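S.K.: Quick one: structure below, then a few questions.
There are 2 protein chains.
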Amino acid sequence: MGASKTHIFSTTHNELAQIAKVLAHPARVAILEYISRQENCICNDLVDVIGLAQPTISQHLNEIKKIGLLKGTFEGKNLCYCINQERWEELQHSFNAFFTNINYNCC
Amino acid sequence: MGASKTHIFSTTHNELAQIAKVLAHPARVAILEYISRQENCICNDLVDVIGLAQPTISQHLNEIKKIGLLKGTFEGKNLCYCINQERWEELQHSFNAFFTNINYNCC
DNA sequence: TATTATTATCGTAATATTGCAATATAAAAT
DNA sequence: ATTTTATATTGCAATATTACGATAATAATA
Chain C
0 MGASKTHIFS TTHNELAQIA KVLAHPARVA ILEYISRQEN CICNDLVDVI GLAQPTISQH
60 LNEIKKIGLL KGTFEGKNLC YCINQERWEE LQHSFNAFFT NINYNCC
Chain X
0 MGASKTHIFS TTHNELAQIA KVLAHPARVA ILEYISRQEN CICNDLVDVI GLAQPTISQH
60 LNEIKKIGLL KGTFEGKNLC YCINQERWEE LQHSFNAFFT NINYNCC
């Protein structure tokens, strides 16, 4: 078929996978890092910095937004994207919990 | 086009994305968790537990193997998959570094 | 109001992923 | 040697993702 059978998996597993999917593209990793480093939060140079077309950047931003990682406000004529700190820490904890819960019983 | 332009991104960003991609499917998250919980490391019931066809499970295992997360040895007639502890901790550190390096300058 | 600058959406093509039936392979048991 | 049991590979169909040109929407500026 081709579509993921999400309904046969637990909510926890689906949620972790969904978050990982957002980080599963180098452009989105780069975008997150870049936004976090901008002091003034003016992000209209993302297109130049990343090197993808403007509609593509917009799509990637939308994927990041979907899991609640971005807050956007207006500052003059430019849209200002910032990282949602609370959500970011939430995701960090989810990942960390997953990583630390794995134990190594054999081999 | 459709293919990711990996060449325009840094090695760090590409590697993190590649790892995230493996975790970006609930079946693979579930598989990793299940394997880690099996004391005797006999994993031939993965097909029943996860609920996907045997070739599909095999493919997912292969994706996990590709990033070095699995060690496999034989025990009797059954193939025994275990988590590669060193690699696992390596990935945990990569993710943690990424998460903690992000700062929140604005908004 | 017209222009300019910036971001969003639409439409579409190329590529990747997911899933499984059929089949192959490998090792143990009969 | 043949059967059984478990995993891997192949081939293919369905769906998802990635990317961008064209265009729309939005807001500041002239």
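Chains as they are written, first to last, in numbering that gives the first Met the number 0: chain C, 0 to 106; chain X, 0 to 106. Glycine is no exception: its CB is placed at the ideal position from the N, C-alpha and C atoms. It should be emphasised that the depicted structure is a prediction, and the values quoted were computed from it without experimental measurement.
Specify the secondary structure class of L22/C as computed by DSSP and reduced to three states.
M.R.: coil
S.K.: How would you list, in chain order, the residues of chain X whose beta-carbon sits under 8 angstroms from the beta-carbon of A2/C?
M.R.: By Cβ distance, chain X contributes nothing, its closest Cβ being about 12 angstroms from A2/C, past 8 angstroms.
S.K.: How close, in whole Å, do the beta carbons of H6/C and R27/C come, if the pair is a contact with beta carbons under 8 angstroms?
M.R.: Incorrect: roughly 26 angstroms between the Cβ atoms, too far for contact.
S.K.: For N61/X, which of I49/X, Y80/X and T99/X has the nearest alpha-carbon?
M.R.: Y80/X
S.K.: Can I18/C and I82/C be called in contact, C-beta distance under 9 angstroms?
M.R.: no
S.K.: Compare the C-beta of A46/C with all C-beta atoms of chain X and state if any pair is closer than 9 angstroms.
M.R.: Reading off the sequence, residue 46/C comes out as Val, not Ala. No, V46/C does not count as interfacial toward chain X.
S.K.: Report the rounded CA-to-CA distance for S9/C versus L68/X, giving the unit in angstroms.
M.R.: 22 angstroms
S.K.: Please identify the residue among P25/C, R36/C and K20/C whose C-alpha is closest to the C-alpha of N13/X.
M.R.: P25/C
S.K.: K20/X CB to nearest chain C CB: under 9 angstroms?
M.R.: yes
S.K.: For L45/X versus K4/C, is the C-beta spacing smaller than 9 angstroms?
M.R.: Remark: C-beta atoms of L45/X and K4/C do not approach each other more closely than 9 angstroms.
S.K.: Taking 9 angstroms as the CB-CB cut-off, is I7/C touching chain X?
M.R.: yes
S.K.: Residue range of the alpha helix (DSSP H) that Y85/C falls in?
M.R.: The residue you asked about is not Tyr; residue 85/C is Glu in the sequence shown. Counting along the chain, the alpha helix (DSSP H) containing E85/C begins and ends at Q84 to N100.
S.K.: Exposed or buried, what is A29/X when buried is set at 16 or more other beta-carbons lying within 10 Å of its beta-carbon?
M.R.: buried
S.K.: Comparing C-alpha positions only, which one of E85/C, T55/C and Y103/C sits nearest to R110/X?
M.R.: In this structure chain X extends from 0 to 106, so residue 110/X is not present and cannot be described.
S.K.: Out of curiosity, what's the CA-to-CA distance linking A2/X and Q91/X?
M.R.: 27 angstroms
S.K.: Closest Cβ-Cβ distance between S57/X and chain C: below 9 angstroms?
M.R.: no
S.K.: Since Y103/X meets chain C, which of its residues come closer than 9 angstroms, beta carbon to beta carbon?
M.R.: S35, C81, I82, N83, Q84 and W87
S.K.: Under 9 angstroms between C-beta atoms, does A16/X make it to chain C?
M.R.: yes
S.K.: Buried or exposed for A96/X, please, with buried defined as at least 16 other CB atoms from any protein chain shown within 10 angstroms of its CB.
M.R.: exposed
S.K.: For I49/C, decide whether its Cβ has a neighbour in chain X, counting only Cβ atoms nearer than 9 angstroms.
M.R.: yes
S.K.: At which residues does the alpha helix (DSSP H) containing T5/X begin and terminate?
M.R.: Careful: T5/X lies outside any alpha helix (DSSP H) and carries neither H nor E.
S.K.: List in chain order: all unbroken alpha helix (DSSP H) runs of 4+ residues lying wholly within the segment 28-57 of chain C.
M.R.: List check, alpha helix (DSSP H) in window: 45-49.
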